[in-house]
Structure formats: structure tokens, C-alpha cells
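Student: Attaching a single structure in C-alpha cells format; questions to follow.
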Amino acid sequence: LMNKSIAIIAGEPNSISSELIFKSWQLRKQYNHKPFFIIGNVQLLNLQKKKLNYQIKIRKIDNNFKISDLKSNELPVYNIEYKQKKTFEKISNKSNEYILKCFNLAIKLVESKKILGFINCPISKEFLFKAKYQGVTEFLSKKSGKTGNEVMLIYNKKLAVAPITTHIPLNQVSSKIKKSKIIKKVKIINTFYKKIFNKKPNFAILGLNPHNFTPSKKSEEKKIIYKAIRSLKRSKIKVSGPVPTDSSFMIFKKYKFDVIIGMYHDQVLTPFKALYNYNAINITLGLPYIRISPDHGVAEDIIGKKIASPESLIESIKFFNYIN
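Here's what the structure looks like:
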């Protein structure tokens, strides 16, 4: 029987992650969720708990944990060795090895069916991956042998968005958009919606250029995007486009779009965050398991101030209710 619990990777130790974990744990009786535990360092979490003044007991668990261990009043933490003397330090690559150990354990647990999937709290991409990976999404798809299949879906109940290219410089976007890539990613999202929500989603696919127009006869819209849309329609997927970007987020309700597909990261994430703030989660599709992360960063500027919003982490935890 597959274990029905989920793991939360504590993420960058010098960030708002521990505060979010403590808040989500304190509020756990107010929302519906599957049993969860933390993958992180018990000693450091105890230090941070004391510094932030949370009255929470932490319970150390290991490989032999049972579901019943996750149902006590103590926050269960699967301990990963890590030495840090100060409660909070400046973010550096000192924590890289520790964070990767946390990820590797989560991957091992999900592959051996000990957990349903995992959430990772924010990490600092600049330090963790340097230039090796664009982000966690790409790192995980490489680890599971699914490179090129990964899809970043930023999800809210009212609307979701997905960029075709993720964390790359703007001047590389045009050359990285391919008809096959658009088709593949839309199909992966379509399958996910059918499986999880039992619905056929309605897609809007954006163009790349302002008003989908460029004087060149070889515009990306004509050469790539329009052809991808035609092919998707033939596959009986509900899709409209190319939709002009500047009005897409005004008209999505009228046309009942479920997912807006953009050509690059900020084209869809900027308006989406303006609309939903932290009420959104980042789901990686195209992996053999479900991985979710809160849709925000490490927030160095507010560490230790106890003003971070746990909303996105709580939404991430709640999303697993859809998955059995």
C-alpha cells in the first residue's frame, strides 16, 4: 500500500522557510491535509524555533517511520546532518551539500513509494546550481531521466499559467521556442488536468511579439506558435490562440480559460502574481511523481521578523488532497 504521507524539504536554512514550516504546522488543524513531515536538520530547526519564539515540540524520525509517528502533536523531522553555529547566517554555498542531501532523500522516498510526493521550501538558485541547472525543475527532471519533459505550472484554482521557456535570458527565448515543445508541454498539462481534476482544460496560447505582430514574414507566431495550435486542435485539445498577451489576463474569465501558456517566464508570471499574490503554487509536471513548491523566494529581507505569509506553503500542502 502506498504511503499517504508527504515530505517537506526545509530548503535554504537561512531563509523564511523555518518560519513558514512552524506557521503551517501551528495552523494545521484549520485546513485539510495528508500527514506530513519535514526533511531538515533537527538541531538548526530547534535553534530557529527558539529564536523565532514558537512553542512547538520537534520529534526526530528516521527511515523506519510509520504514519502513526506523523500524527502526534510534535513536528516530525527526518534529520539530515548539518552544522551551523549561528541561527541565521548570510546565504552562501555552505548549505549546498545539505540541501542536495535533503532533495536526494526526498527523491529516494518517493521512488520507493514511502511518500506520495514532496514539497520544497525556497532555495537560492544562484548559490545552489550556479550555471549547472536553471532551477529545481530542471535539476529534478535530469535526476529522474525526464529532461525536456518538465513543465512548470503555476497554479491557482481560478487560473494556472505555464511558460514554455523557464529561467533563461530574454535574448535566448526566440531561439528556444519550438513547435514540438509547445505541443508536448500542453499535452502534459492536459493529461494532468484530466487525471487530477477529471476535466478537459481550456488553454489560451500567447504569442511572443506585441499584438502578435512583427513586420517580418518569419514571425514566431506564423512559423511556430500558429502551427502548434493547429496540431493541438487536431488532437482534440481545447485551445485558442495566439492570444495577444496584453489583454489575455483581462479576458480569461470571459473566455473561461483554465491555463494561459506563455512563451517566457515573466510574460505569464508577472501578471499572474499581480492577480494572485502568494495564493499560488508551483507544480512540476512531467516527472514520475508530484513536486510542488511555494511560489516565492527565500525573502532574505524579512528573516526573523515573523511576518512571512505561509499561504503558499499551506496551499502546496492542501494540493496533495487531490492526489491518491
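Residue numbers for the sequence shown follow the working numbering, beginning at 2 and rising by one.
C-beta atoms are modelled at their ideal positions from N, C-alpha and C, and glycine is treated no differently.
1) In three-state DSSP terms, what is residue 2?
2) Check this for me: beta carbons of residue 61 and residue 43, under 9 Å apart or not?
3) If you follow the alpha helix (DSSP H) that residue 205 is in, where does it begin and where does it stop?
4) Is the distance from the Cβ of residue 107 to the Cβ of residue 262 below 9 Å?
5) Along the chain, where does the beta strand (DSSP E) that runs through residue 300 open and close?
6) How would you call residue 204, buried or exposed, if buried means at least 16 neighbouring beta carbons within 10 angstroms?
7) Beta-carbon within less than 7 Å of residue 305's beta-carbon, same chain only, minus the 5 sequence neighbours each way: which residues are those?
8) Quick one: what does DSSP say residue 144 is sitting in, helix, strand or coil?
9) Give the list of continuous alpha helix (DSSP H) stretches no shorter than 4 residues that lie fully inside the stretch 183 to 265.
10) Identify the continuous alpha helix (DSSP H) that holds residue 109 and give its terminal residues.
11) When we look at the beta-carbon of residue 216 and count the other beta-carbons within 10 Å, is it buried (16 or more) or exposed?
12) Output the distance between the C-alpha atoms of residue 308 and residue 279, rounded to the nearest integer angstrom.
13) Can the beta-carbon of residue 292 be found closer than 9 Å to that of residue 41?
14) Do residue 24 and residue 321 have their C-beta atoms closer together than 9 Å?
15) Please classify residue 17 as buried or exposed, where buried requires at least 16 neighbouring CB atoms within 10 angstroms.
16) Could you name the residues that DSSP lists as bridge partners for residue 167?
17) Indicate the three-state DSSP secondary structure (helix, strand or coil) for residue 21 in the structure shown.
Tutor: Looking at the atomic coordinates:
1) Interpretation of residue 2 is limited by its pLDDT of 43, a score under 50 that renders its predicted location unreliable; the figure taken from the coordinates is listed afterwards. Three-state result, residue 2: coil.
2) In contact: residue 61 and residue 43 (Cβ atoms closer than 9 Å).
3) Where residue 205 is concerned, there is no enclosing alpha helix (DSSP H), although the beta strand (DSSP E) it sits in stretches over 204 to 207.
4) The criterion of a C-beta distance shorter than 9 Å is not satisfied by residue 107 and residue 262.
5) Residue 300 -> no beta strand (DSSP E), and no H or E assigned at all.
6) buried
7) 52, 53, 89
8) helix
9) 227 to 235, 246 to 252
10) 97 to 112
11) Exposed, by the Cβ-count rule.
12) 13 Å
13) no
14) no
15) buried
16) Beta-bridge pairing by DSSP links residue 167 to no other residue.
17) helix
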